[in-house]
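A.B. asks: This is the structure, below, for whatever I ask next.
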DNA sequence: CCTAAATCGTTGGTAGCACCAACGATAACA
DNA sequence: TGTTATCGTTGGTGCTACCAACGATTTAGG
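What follows is the structure, given as structure tokens:
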């Protein structure tokens, strides 16, 4: 409707789309008592196994200093354990607990619902295109 | 490389893409002494004409309370004027100054460069697809 | 072996963006 | 006229993403 150049700037469009995704996520995760950060780290642990915090940072793209707070939170919820790595005293080994894996299973439905609500305006072909394109755009910062 | 479910979640991919866009934007705008918010409002004023703050909020999707701070900033830089609307004393009329329009022209190059850097990994066809899809995804919150 | 460089976790701080509740002033509507 | 709606504003929250600096520890180079 608005014939502004804003509507043609991909990064602004992306901002808006992200804001919408963010709102949907915040909503769904708040209802489930979690957050995007928490489930991202939890999913990484469940899918790729226990890891040091630095490696979690690399896997998820979350800043190491933020990982500290996230792991604190996960530990206090007893969803992961944090132990000093016997082979490298600099490292903490973060391991999902049984409760952590259960929580992620529970969150799975939430995550699926978030995707569904967010992608609702798109058909299957568009969804595939989006996935392919975003993968390129999300590539590691050079 | 990482075979995690994270890489298949569109909203997470979008997060990462947005973070990358954000970094590029922040970088470019910082060098130009501006910000995404400022240029969004400025562009709206230049493209669609003077407006009340409430209308600026609707045009740009920025919260009215944030528009206050943005207009404060723009006024202090003498890029816009803010005057009480003689026809409706509730409203402020925000009008770009000559300097404001010049500033936007200057920012135009910055904005173009931001898009180019962000879209670099995509070919023309993918860029068109992205634009079309994001437009659907960025639709007004229902 | 010993020193220099790198890595790890942590603290504490910043920033952008998005949003909310509440309020006084003003305008529109019934 | 009285009620409802709109507008600008203040002050606050939350999520995500960063950065600099530090002590502790490990690795790599000479």
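Residue numbers (the working numbering), protein chains in the order written: chain A, 1 to 142; chain B, 143 to 284. Here a beta-carbon is modelled for each residue, glycine too, at the ideal position from N, C-alpha and C.
(1) Using a threshold of 8 Å, state whether the C-beta atoms of residue 92 (chain A) and residue 83 (chain A) are closer than that.
(2) Under 8 Å, with one C-beta from each stretch per pair, do the region 245-263 of chain B and the region 180-188 of chain B reach the 3-pair mark?
(3) When Cβ atoms are compared, which residues of the region 237-264 of chain B fall closer than 7 Å to chain A?
(4) Tell me, please, which residues DSSP counts as bridged to residue 214 (chain B).
(5) Would a check of beta-carbon distances place residue 16 (chain A) closer than 8 Å to chain B?
(6) Pull the bridge partners of residue 277 (chain B) from the DSSP assignment, please.
(7) Establish whether the CB of residue 61 (chain A) and some CB of chain B are separated by less than 8 Å.
(8) Report, in whole angstroms, the separation of the C-beta atoms of residue 11 (chain A) and residue 257 (chain B), which I expect to be a contact under 8 Å.
(9) Identify the contact partners of residue 271 (chain B) in chain A, using a Cβ-Cβ distance below 7 Å as the criterion.
(10) Kindly give me the distance between the Cβ atoms of residue 209 (chain B) and residue 198 (chain B), rounded to whole angstroms, as I take these residues to be in contact under 8 Å.
(11) Only counting runs of 3 or more residues, tell me where the beta strand (DSSP E) segments fall wholly within the region 14-89 of chain A, in order along the chain.
(12) With 16 other CB atoms within 10 Å as the buried threshold, where does residue 100 (chain A) fall?
(13) Hey, does residue 152 (chain B) have any beta-carbon neighbour from chain A nearer than 8 Å?
(14) Suppose you measure from the CA of residue 2 (chain A) to the CA of residue 133 (chain A); what does that come to, to the nearest Å?
(15) Can you find a CB in chain B that lies within less than 8 Å of the CB of residue 74 (chain A)?
(16) Between the region 31-51 of chain A and chain B, which residues of the former have a C-beta closer than 8 Å to a C-beta of the latter?
(17) Any beta carbon from chain A within less than 8 Å of residue 221 (chain B)'s own beta carbon?
(18) Give me the residue from B:221, B:202, B:160 with the minimum Cα distance to residue 61 (chain A).
(19) Classify residue 128 (chain A): buried if its beta carbon has 16 or more other beta carbons within 10 angstroms, exposed otherwise.
C.D. replies: Checking against the coordinates, here is how it stands:
(1) yes
(2) yes
(3) 253, 256, 257, 260, 261, 263, 264
(4) Per DSSP, none; premise fails for residue 214 (chain B).
(5) The beta carbon of residue 16 (chain A) falls within 8 Å of a beta carbon belonging to chain B, placing the residue at that interface.
(6) Under the DSSP definition of a beta bridge, residue 277 (chain B) lacks any partner.
(7) yes
(8) 6 Å
(9) Under the 7 Å cutoff, chain A gives 129, 133.
(10) 5 Å
(11) 80-85
(12) buried
(13) By this cut-off, residue 152 (chain B) is an interface position.
(14) Reliability of the predicted coordinates at residue 2 (chain A) is poor, the pLDDT of 46 falling under 50, and no value is obtained from them.
(15) no
(16) Going along the region 31-51 of chain A in chain order, one finds 36, 40, 43, 44, 47, 48 with a Cβ nearer than 8 Å to chain B.
(17) no
(18) B:160
(19) exposed
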